[in-house]
Amino acid sequence: MKNFARLIFIICLGLSTISTQAFEKFQLGQSPKARLMGNAWMGLANQDTFTIFYNPASLGGNYDIDLSPVNLTVAGPNALDDLDRFSNLPNDADAIADRLLGFPLYLELSNFSTIKAHHFSFSYFTQNRANIVLKNRVNPAFDVDYSYDRGFITGFAFNLIGGSRNKQKQKIMTGERLSIGYSFKYLSREGTKDKFDLFSTNIISKVEAGFASIEDIKNTFGYSKGAGTGHDIGIEYANGWGNTEFVASLAILDIADTHFEKEYGDNSVPKINMAINSGFAFKQDFKVFDYALALDIKPLNQGLDFGRMMHLGAQVNIPFFGFFAGIGEGYLNYGAELRMWPVTLTLGYNSVEIGADYKQTEGDRLFVFLSLFDVSMDIF
């Protein structure tokens, strides 16, 4: 129990503080399938309930009413090959720091409730995530990116060029489609994005005095709270023939950055950076199975190494099961999905870059996604 308490304390320290020089590309509302495909998902976004978070124009390919009340994600660090690091934690702070040095701690708990009706979508969400890395053996310091987001996003698409679904092959559109889309989001955010010295005088004195609550820890290490609105636009072209479809997608998310009006705290609330994302997909449906190949190049506007912008993915679906794999930012991702109503269970390995450069610092994670009581009605 004492060792567990020490580990929780280290994590709670991190919940208050990432260096502006090292960061993970933030995506509000990540599809579990996208995570397993190296986040190559722009051209396939209409396949699940997270469509509007990738490109509102993708809603132009939706002709059903889809209700998805529970979409729960739980994620953490992949420590299966490094369990000794967390066993028998020492009492000395220096020894604890040495044990955790360079190991990326990641925690996420989120839920998204979504309705998609024809070319319209609305989603209410809560997303709590913390990314923590202890660096520098001589002067240990935490790089931490923490955010707790609550809010909603809504949007629609308009088809400039038609496009109708082939009823015999529901995953494939027939003919050409050119769609534009817009979405609006409102969210309340608590969090911080900073670096702090593990052995600073302020931290040591607070540790020695003791903490009365989690809120006391958060206030000690500094976090801010605020609310803001954001806007997204997109365009998507699709061309389907027979059992085959090609999709090209482009979206500008969080136009001019999504800023937050501070309600509490000394520091500014971490903003969401604008992202210009592009993607392509090729898919075929053979009734008994279907597959898709995807390529995303994103974000185009944040000055990242080209390798960090490259995302390649593939998926194969058979009745009741889906299999996914991809390479994103140079790291392998893979996993599987079980579909048996009322449950959809997705799990696998997801690795991302949490440093500043291509393949500098790998964030290796395990995640489980659970969707319950999804309902789809074809009435249009």
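Each residue of the sequence shown is one higher than the one before, starting from 40 at the first, in the working numbering.
Backbone N, C-alpha and C define an ideal beta-carbon position, used for all residues, glycine too.
Comparing C-alpha positions only, which one of the options sits nearest to residue i?
| i | options | result |
| --- | --- | --- |
| residue 400 | 319, 147, 156, 171 | 171 |
| residue 217 | 234, 286, 92 | 286 |
| residue 319 | 69, 85, 187, 221 | 85 |
| residue 359 | 278, 384, 179 | 384 |
| residue 396 | 418, 372, 363, 347 | 347 |
| residue 225 | 101, 335, 162, 116 | 162 |
| residue 201 | 392, 374, 99, 361 | 99 |
| residue 330 | 185, 116, 66, 210 | 210 |
| residue 116 | 83, 67, 169 | 169 |
| residue 174 | 167, 187, 236 | 236 |
| residue 387 | 394, 377, 393 | 377 |
| residue 280 | 212, 220, 266, 267 | 212 |
| residue 198 | 413, 391, 101, 327 | 101 |
| residue 110 | 349, 418, 413 | 413 |
| residue 233 | 184, 266, 328, 277 | 184 |
| residue 230 | 167, 219, 289 | 167 |
| residue 83 | 157, 367, 317 | 317 |
| residue 67 | 187, 178, 155 | 187 |
| residue 262 | 228, 277, 289, 278 | 228 |
| residue 105 | 155, 370, 112, 349 | 155 |
| residue 31 | 304, 298, 297, 288 | Given a span of 40 to 419 for the chain in the structure shown, any question on residue 31 remains unanswerable. |
Short check: CB of residue i to CB of residue j, under 7 Å?
| i | j | result |
| --- | --- | --- |
| residue 90 | residue 107 | no |
| residue 264 | residue 302 | yes |
| residue 351 | residue 315 | no |
| residue 114 | residue 345 | no |
| residue 356 | residue 74 | no |
| residue 153 | residue 189 | no |
| residue 283 | residue 323 | yes |
| residue 321 | residue 332 | yes |
| residue 306 | residue 77 | no |
| residue 411 | residue 381 | yes |
| residue 160 | residue 214 | no |
| residue 375 | residue 364 | no |
| residue 421 | residue 192 | Outside the modelled stretch of the chain, which goes from 40 to 419, sits residue 421, for which no answer is possible. |
| residue 143 | residue 393 | yes |
| residue 158 | residue 196 | yes |
Within 10 angstroms of the Cβ of residue i, are there 16 or more other Cβ atoms? Answer buried if so, exposed if not.
| i | result |
| --- | --- |
| residue 60 | In this predicted model, residue 60 has a pLDDT of only 44, less than 50, meaning its place in the structure is not dependable; the value taken from the coordinates is given anyway. Exposed, by the Cβ-count rule. |
| residue 81 | buried |
| residue 408 | buried |
| residue 379 | exposed |
| residue 415 | exposed |
| residue 398 | exposed |
| residue 269 | buried |
| residue 403 | buried |
| residue 182 | buried |
| residue 366 | buried |
| residue 418 | exposed |
| residue 391 | buried |
| residue 151 | buried |
| residue 141 | exposed |
Is there at least one non-hydrogen atom of the ligand SAH closer than 6 Å to the beta-carbon of residue i?
| i | result |
| --- | --- |
| residue 270 | The ligand SAH is absent from the structure shown, which contains no ligand whatsoever. |
- For the stretch 359-385, which segments carrying the beta strand (DSSP E) assignment without a break, of at least 3 residues, lie completely within its bounds, in sequence order? 360-367, 370-379, all fully within the stretch 359-385.
- Query: Three or more C-beta pairs closer than 8 Å, one from the stretch 310-322 and one from the stretch 283-296: is that the case here?
  - Reply: These segments touch.
- Touch check for the stretch 271-284 and the stretch 94-107: three-plus C-beta pairs under 8 Å? Judged by Cβ distances under 8 Å, the stretch 271-284 makes contact with the stretch 94-107, as three or more pairs qualify.
- Start-end ranges of the beta strand (DSSP E) lying completely within the stretch 163-220, minimum 3 residues: You should have 180-200.
- Message: To test your reading of the DSSP string, which unbroken alpha helix (DSSP H) runs of 4 or more residues are found completely within the stretch 311-352?
- Response: For the stretch 311-352, whole alpha helix (DSSP H) runs of length 4 or above, ordered along the chain, are 345-348.
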